[in-house]
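In what follows, a structure is listed as structure tokens, so that the remarks can point back to it.
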Amino acid sequence: IDRNNVSAARLRGFEADLHLVGQQFNTVLSILYVGYILMQIPSNMFLNYIGRPSLYLPTAMMIWGAISVSTGITTNFVDVLLTRFFLGFVEAAFFPGSLFLLSKWYKRSELGQRTALLSCGSLISNAFGALIASGILGSMEGKLGRAAWRWLFFIEGALTIFVALCAPFILPDFPSTPCRWLTPLERRLAEWRIEEDFAGIHDGSEAEHGSKAGFISAVTDWKVWWLALALASMIVSLSFVAFFPTLSATMGYNRTDTLLLCAPPWIFATLVSFAVARHSDKTGERFWHITVPLLFGIVGFAIAAATLNTGARYFSLFLMAQSYAAFITFLVWVSNSIPRPASKRAVALALINGYSQLGNVTGSYVWPTAWGPTYR
264 IDRNNVSAAR LRGFEADLHL VGQQFNTVLS ILYVGYILMQ IPSNMFLNYI GRPSLYLPTA
324 MMIWGAISVS TGITTNFVDV LLTRFFLGFV EAAFFPGSLF LLSKWYKRSE LGQRTALLSC
384 GSLISNAFGA LIASGILGSM EGKLGRAAWR WLFFIEGALT IFVALCAPFI LPDFPSTPCR
444 WLTPLERRLA EWRIEEDFAG IHDGSEAEHG SKAGFISAVT DWKVWWLALA LASMIVSLSF
504 VAFFPTLSAT MGYNRTDTLL LCAPPWIFAT LVSFAVARHS DKTGERFWHI TVPLLFGIVG
564 FAIAAATLNT GARYFSLFLM AQSYAAFITF LVWVSNSIPR PASKRAVALA LINGYSQLGN
624 VTGSYVWPTA WGPTYR
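My numbering applies: residue 264 is where the sequence shown begins, and numbers increase by one.
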């Protein structure tokens, strides 16, 4: 929600109040991914070193919630640019760190559904974030002398901080870390499951556990770079996510209805993504489970570019949104393809996810306002 709420704010005077012109809004979107890219590898290396995701990830969440709140007091282009950069910088800890945490607890055949559940949080946030935004933007204009879009950042940032305060009591650490809810034998069983899944390949010696060794091993593995390039290419086609309210607005409805219409496509995408991930786990096949959703997404792009018919354009949004299932399945493929030791896997997951965000930097500029409403 904190990453994409700027798109909803755009519908309620965000650009005008901050005096944004030309491509400055696109730069506001893209700068987040610069910070996101820079921090992912150091963050995952640090997480692997301390072994306490139950503390590290909620702390990062609390900080980015505070940064999101501060976006509501920005007054110009430079202010919002800085808040967006640092939002991405801190938020970089969460997604690759969560993927790394899942890979510590679940076997390769189990990762699809778990990664889908994690990623569906993003999809659900697109759906219900739009509903929340419609309520805030429709009712908070002028309250305490503040524009509605500023209240959007205040309220949603505060919600993030609240969730961050609750997270340490729910989020587990790695199986190797002592905890209250598992006995030593149960923790060892959790570790043994992963060792067995890798056909007896252990994490190796203590030297192999080192952050430096893991970094070198990851950046010198050609497979890591090919996976990063493939995911970056895919991310460009998924850059419509940040512009979804804008695409919905091309159907000609008022601001509140525009945001409400954003929800059903993302609910549909959530269901499709989970079904695809579950079937992919069951069959052990990844390639076609990535390719088919992308092909349907291409059909959605073609429909949106070819017609201004309201029904057809709305249908195209469903097809575009469901292509996110390919992204989720690809992340599972990445986790399955990176061998141990864990220090390498931590760096590789961050490197691939971080490099892929170059697609979002590029994609932020492929939806200029002048090309609307068909964006051909």
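In this text, a Cβ means the ideal position worked out from N, Cα and C, and glycines have one as well. Note that the structure is a prediction, hence the values are computed from the model and not measured.
Considering only the beta carbon of each residue, do Met-324 and Ala-427 sit closer than 8 angstroms?
yes
DSSP three-state call for Met-542: helix, strand or coil?
Here the sequence assigns His to residue 542, which means Met is not the residue at that position. If DSSP states are grouped into helix, strand and coil, His-542 belongs with the helices.
Thr-625 to Glu-449 span [Cα, whole Å]:
So the two alpha carbons sit approximately 46 angstroms from each other.
Look at the alpha carbon of Pro-527 and the alpha carbon of Ser-306, and state the distance between them as a whole number of angstroms.
Each residue's alpha carbon lies about 34 angstroms from the other.
Rounded to whole angstroms, how far is the Cβ of Val-353 from the Cβ of Ile-330, which I believe are closer than 8 angstroms?
6 angstroms
Continuous beta strand (DSSP E) assignments of at least 3 residues falling wholly in the stretch 511-569
none
Determine the closest residue to Gly-560 out of Ala-613, Val-499, Asn-572, with distance taken between C-alpha atoms.
Answer by Cα proximity: Val-499.
Grouping DSSP H, G and I as helix and E and B as strand, with all else coil, what is Lys-370?
Coil.
Backbone CA spacing between Ala-575 and Phe-581 [nearest angstrom]
10 angstroms
Three-state secondary structure (DSSP) at Asp-265?
coil
Between which two residues does the alpha helix (DSSP H) harbouring Tyr-577 extend?
573-585
Do you know how far the Cα of Gly-405 is from the Cα of Gly-377?
Note that residue 377 corresponds to Arg in the displayed sequence, not to Gly. Approximately 42 angstroms between the Cα atoms of the pair.
Going by CA-CA distance only, name the one from Leu-310, Leu-364, Leu-274, Ser-385 that's closest to Ala-658.
Since the first residue of the chain shown is 264 and the last is 639, residue 658 is not available in this structure.
Which value, in whole angstroms, describes the spacing of the CA atoms of Thr-334 and Pro-447?
45 angstroms
Whether Ala-379 touches Phe-564 by CB criterion (8 angstroms):
no
The stretch 418-427 touching the stretch 283-291, judged by at least three CB pairs closer than 8 angstroms:
no
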